[in-house]
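Enquirer: Chains as they are written, first to last, in this note's numbering: chain A, 1 to 995; chain B, 996 to 1243. Where a beta carbon is used, it is the ideal one built from N, C-alpha and C, also for glycine. All figures in this text were calculated on a predicted structure; none of them were measured in a lab. Handing you a structure now.
Written out as structure tokens, the structure is:
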């Protein structure tokens, strides 16, 4: 339950008897603030809150029940007691689904009726028939009298949305959308959860919290960040049960005390007593915090540290030290810039046309550029003498630190300290705090800045993002804050007195906000009022909660521990569970390499981490794939196939944005064929959807999205699997994960995953038809489903060519692979570049050298389908033939080697994988960290070394740890329960913790 | 370059004058002058000849030495004098092979092998200035397969190319960006090529492929690096500029 203390603080009122608010003198009620930093969403009931249709409903119910009661009285001889449109309505009907209302009221009169069926005649005495009759009476009255919107509703809705809050409507009525439309409110509501949705998804009516939970799930907002508005007693109970951060009882009928008694934090008779604003500053005389504004983490296992300055490494540093919250990502580049500085800040889902019109993540105005000018001379690393510099990625707290002491050419020594973060609490916010101390001088300090106030970026497709900044500065010892513009600011610095600067940046984006500038400016003003200390505290708390769920602890190998936390840090920084219109690009938002495009990396390499430690984020990623089904189906059609053929590279729309060619290392153009041929991605997406459902039991996801993904991708495979003269079916002309071999037939991974996809789709259809017949009936109509399809899929799966040689247990990677002449990989042990670059792809293709696991990837993902001897035989065969031309390769080899007990190999591969971004040797990280490989590293630890298996009986471990590793522990959530899993030198059972 | 004196030592051999067209062209690019060091002036025993050349270069503030590279040993490509000049010169030395055809020479395309280290980037500055003056194309060649540069800030050939359509442009952009951070290229047209195998052979191959007019080799001056230099000079289809890189 939300605490009343928190709610009261948020409101800016004193704690006390909330019911007394209803008794306030008329005339000028003091406004109560809904803090747009504290809350992300507002969810409204319809009747009695936004519209005056409650009275229409009450009269319709009276008309119905009076007919029934009169008939009953006539038949029984009892006195007719009519339905009271006030007391009976409130007590038995208000807020309940129609059927519940019928049953509840009649039960109160001692009357029980049969349930009946949809389509019962209107005069039938069944619950269903009476509900339908009431609906007809309501619509008739509505048509006659129209919809009256409460005068206080629209202004509040508008101000909430202007401040950037999302809005939803929850109503038991099946006519909610019609009422909204008639009242002119549709444009002010993002999501509607009405009686139709509730019936389709099997959601229980109020006072159960189901519909309110569904609303915030659709909005992607945690319950604690949502405000709920209800006028019905069962309604406030439902919102309270859903765990909303603030429950507002809307008292239209004089029942404030009852509303509070049933769970409302406050009761208001007039919505205009609420305003959207930050709370007043805690004191009349606000101060900035002394440095540091928060204690940095000291435990080295949580830190990535860079001492000194190697300026040619600055691009890599920018990537490694990037901050993000899934909605925003900002590179960890030097605040004052430099020749080798490549700052960039991105907002998820905002793409602009890049070279060749390939969409690429748009860069936002540079909010964090702060270049001090000391007595007219810029302070930077290019001139003078670096005394010391330490930059720290504080993974525990999700922020970066800098401590820099520098002597300029004039001999002045200045210390600049900085911290920077992308708020995990409020995803619109980026925060920067600085401290400047003249150590041996005094004089004037001015600043160069690239953004003071607001600036916007517009994309070629009409997208707009606005960054709005605000700055406070203060000086020791009193640190009294004043608002400033950096570019106008000149400080008179005194020896050893520290100047503090706090910078706030908020982003509004047209994809989500109707008025991005207004949202950004309101938000930054609210942030500045709240202050850095409060915002950092909330940010830290959010990261603490994330680490509670997602941390992985390794005892015995500090380097590996840091690498695993680095992996988790960047995965957590890349995901936004509140936005299901974006995916995670191959480099996240840590750099511009890969243009922000998403690949199969997301579902196969990253998703397992989220599905088991942050399911809400996993769900959002999969909903992106659902939203882009239209584009996938269009691509399939273009290639003459049915179903869904997902884009190899995907940006915002789901259309395939893979470049057609590239000028390669030899200076010659290379045609890029993966978009057409690397088709396994369709099965990968389906596998991700299925894996998420298995991990969470999220039936609603399966019903509304997962099933459709799995079915449409199965249709694709059914249309691609061609009958051959051998009685088998074949998928021809593809590229598997091993991209060294193009246009092959019957790639093992592709066929294997296609088979899985087909079988799973058939099982899903059977399951849905049995467990959810009504939703299935609706879905099959949408899909144009034919009854013969599951059998066709099962047959195709049965007949698909496998490549398995039963004598040897080896699976041929593609038709003809075993006939290729072997070339010893040992020739390339000391190779320094991928072998296709070393020799040229056309020279590699005739040989069985592979780029990354293909057969072995299949064996990993479908582990239980292969006998132990098959797993071992194929590992021994393919591992030596893999040239690891992809960063996605070493992690899977580490995992498999560990599972199979080849510990030296496992550890070696793990080290390779762990050093992809963190070692100083490649330059690849300059464009962003390898988030897929980081997800694979986590999998190597969890599924490889810890040997996690997820069974019907729950999670089990089969640990095989390298010699130096004493213990590995981590938490997962499996089917709604939290487990703490622990290994040691002896196997330890998983322990279920309180859920 | 700090000077515009282009010093051309002539030792009386038949091949020595082949350096002159190259020297004249370079001097013109540098808006400088060619100073010829004739055999009658300061020739003497071999060791002194090198000393004399170096002394003259120092006295005249030569920004460039252009000389013929030939060896009494048929198997060698560079004589002891030239080698000694290479080791002792404070300015770049352009070696013109004995097989170079007489006649004019123009700088249109520079080929510079590069190991990814900041030192080599620094050593390429004189060549970059020439390319800028000549509006020549500057082709940087990284030859994979050899020892990785260990200097801090070095960029090695990419170990992984996940998706070549992205990884290669990103890596090559980074490589060239690091180069430009140390060796200002201005508006010089720059391309990055990747080769593999043995440095000298690959350089010669690519130089032929690209019709390079000048190969620029950053050389530590260590004896064990001389074999690469020899191999390169033996087969180079064009003059080779040698610039010094600190050995440490």
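Out of A/962, A/918 and A/687, state which residue places its alpha-carbon closest to the alpha-carbon of residue 317 of chain A.
Expert: The option with the nearest alpha carbon to residue 317 of chain A is A/918.
Enquirer: In this structure, does DSSP put residue 1001 of chain B in helix, strand or coil?
Expert: Strand.
Enquirer: Which residues, in order along the stretch 787–812 of chain A, keep a beta-carbon less than 9 Å from a beta-carbon of chain B?
Expert: So nothing in the stretch comes that close.
Enquirer: Would you list the residues sitting across from residue 627 of chain A in a DSSP beta bridge?
Expert: According to DSSP, which records beta bridges pairwise, residue 627 of chain A is partnered with nothing at all.
Enquirer: Under a Cβ-count criterion, where at least 16 other Cβ atoms within 10 Å of its own Cβ denotes burial, should residue 977 of chain A be classed as buried or exposed?
Expert: It counts as exposed.
Enquirer: Only counting the same chain, and skipping five residues up and downstream in sequence, which positions put a Cβ closer than 7 Å to that of residue 936 of chain A?
Expert: The answer, listed in chain order, is 605, 888, 891, 892 and 913.
Enquirer: Is it the case that the stretch 435–449 of chain A contacts the stretch 356–375 of chain A, given that we only count it when at least three CB pairs across the two stretches are under 8 Å?
Expert: Touching, yes.
Enquirer: Count the C-beta pairs between the stretch 399–408 of chain A and the stretch 478–496 of chain A that are closer than 8 Å, then say yes if the count reaches three, no if not.
Expert: The answer is no - the stretch 478–496 of chain A does not touch the stretch 399–408 of chain A, with fewer than three Cβ pairs under 8 Å.
Enquirer: Quick one: complete alpha helix (DSSP H) runs, 4+ long, within the stretch 643–704 of chain A?
Expert: Whole alpha helix (DSSP H) segments, 4+ residues: 674–677 and 681–696.
Enquirer: Assess, as a yes-or-no matter, whether the stretch 651–662 of chain A is touched by the stretch 1118–1133 of chain B under the definition of 3 or more beta carbon pairs within less than 8 Å.
Expert: Taking 8 Å as the limit for Cβ pairs, the verdict is that the stretch 651–662 of chain A does not touch the stretch 1118–1133 of chain B.
Enquirer: In whole angstroms, give me the CA-to-CA distance for residue 287 of chain A and residue 530 of chain A.
Expert: Spanning the two alpha carbons is a distance of roughly 11 Å.
Enquirer: So with CB distances below 7 Å, who are the chain A contacts of residue 1240 of chain B?
Expert: Under the 7 Å cutoff, chain A gives no residues; its nearest Cβ is about 15 Å from residue 1240 of chain B.
Enquirer: What residues from chain B crowd round residue 924 of chain A, counting only those whose CB sits closer than 9 Å?
Expert: Going along chain B in sequence order, the residues near residue 924 of chain A (Cβ under 9 Å) are 1153, 1154, 1155, 1156, 1157, 1162, 1165, 1166 and 1169.
Enquirer: Just the Cα atoms here: how many angstroms apart are residue 369 of chain A and residue 432 of chain A?
Expert: Going by the C-alpha atoms only, they are around 10 Å apart.
Enquirer: Can you look up residue 874 of chain A in the DSSP assignment and give me helix, strand or coil?
Expert: If DSSP states are grouped into helix, strand and coil, residue 874 of chain A belongs with the helices.
Enquirer: According to DSSP, what are the bridge partners of residue 373 of chain A?
Expert: DSSP output for residue 373 of chain A lists A/378 and A/446 as bridge partner(s).
Enquirer: Can you tell me which residues form a DSSP beta bridge with residue 134 of chain A?
Expert: Bridge partners of residue 134 of chain A: none, in fact.
Enquirer: Exposed or buried, residue 351 of chain A, counting other C-beta atoms within 10 Å across all chains shown (16 or more means buried)?
Expert: Answer is buried; the Cβ neighbour count reaches 16.
Enquirer: Would you call the CB atoms of residue 216 of chain A and residue 43 of chain A closer than 8 Å?
Expert: Yes, the pair counts as a contact, with Cβ atoms nearer than the cut-off.
Enquirer: Please name the residue, chosen from B/1011, B/1239 and B/1058, that lies closest to residue 1025 of chain B on a Cα-to-Cα basis.
Expert: Closest by alpha carbon: B/1058.
Enquirer: Measuring only between beta-carbons, confirm whether residue 532 of chain A sits less than 8 Å from chain B.
Expert: So, not an interface residue.
Enquirer: Assuming residue 607 of chain A and residue 688 of chain A form a contact by the criterion Cβ under 8 Å, report the distance between their Cβ atoms to the nearest whole angstrom.
Expert: Right, the Cβ-Cβ distance comes to about 5 Å (below 8 Å), so this counts as a contact.
Enquirer: Expressed to the nearest angstrom, what Euclidean distance is found between the alpha-carbon atoms of residue 830 of chain A and residue 848 of chain A?
Expert: Note on residue 830 of chain A: pLDDT 48, under 50, position unreliable in the model; no value is reported.
Enquirer: Nearest to residue 859 of chain A by CA position, among A/850, A/851 and A/871, is which residue?
Expert: For residue 859 of chain A, the nearest C-alpha among the options comes from A/871.
Enquirer: Counting only Cβ pairs nearer than 7 Å, list the residues of chain A close to residue 1200 of chain B.
Expert: Per Cβ cutoff of 7 Å: no residues; residue 1200 of chain B is ~11 Å from chain A at best.
Enquirer: I'd like to know whether the C-beta of residue 931 of chain A is nearer than 8 Å to at least one C-beta of chain B.
Expert: So no, residue 931 of chain A is outside the interface.
Enquirer: Hey, could you find the ends of the beta strand (DSSP E) residue 552 of chain A is sitting in?
Expert: Where residue 552 of chain A is concerned, the enclosing beta strand (DSSP E) stretches over 552–555.
Enquirer: Buried or exposed: residue 694 of chain A, going by 16 or more other Cβ atoms within 10 Å of its Cβ?
Expert: Under this definition residue 694 of chain A is an exposed residue.
Enquirer: Could you tell me whether the Cβ of residue 311 of chain A comes closer than 8 Å to any Cβ of chain E?
Expert: Reference to chain E is not applicable here, since the protein chains of this structure are A and B.
Enquirer: DSSP three-state label for residue 44 of chain A, please.
Expert: Residue 44 of chain A: strand per DSSP, three-state reduction.
Enquirer: On the criterion of 16 or more Cβ atoms from any shown chain inside 10 Å, does residue 519 of chain A qualify as buried, or is it exposed?
Expert: So residue 519 of chain A counts as buried.
Enquirer: Evaluate the contact criterion for the stretch 357–367 of chain A versus the stretch 379–399 of chain A: three or more CB pairs, one atom per stretch, below 8 Å.
Expert: Short answer: they don't touch.
Enquirer: How would you list, in chain order, the residues of chain B whose beta-carbon sits under 9 Å from the beta-carbon of residue 594 of chain A?
Expert: Correct list: 1157, 1158, 1161, 1162 and 1165.
Enquirer: Just the C-alpha distance for residue 896 of chain A and residue 942 of chain A, rounded to the nearest angstrom, thanks.
Expert: Distance between the alpha carbons of residue 896 of chain A and residue 942 of chain A: 12 Å.
Enquirer: Would you decide whether residue 757 of chain A is buried or exposed? Buried here means 16 or more other CB atoms lie within 10 Å of its CB.
Expert: Classification for residue 757 of chain A: buried.
Enquirer: Roughly how many whole angstroms lie between the Cα atoms of residue 1183 of chain B and residue 1175 of chain B?
Expert: Approximately 10 Å, taken between the alpha carbons.
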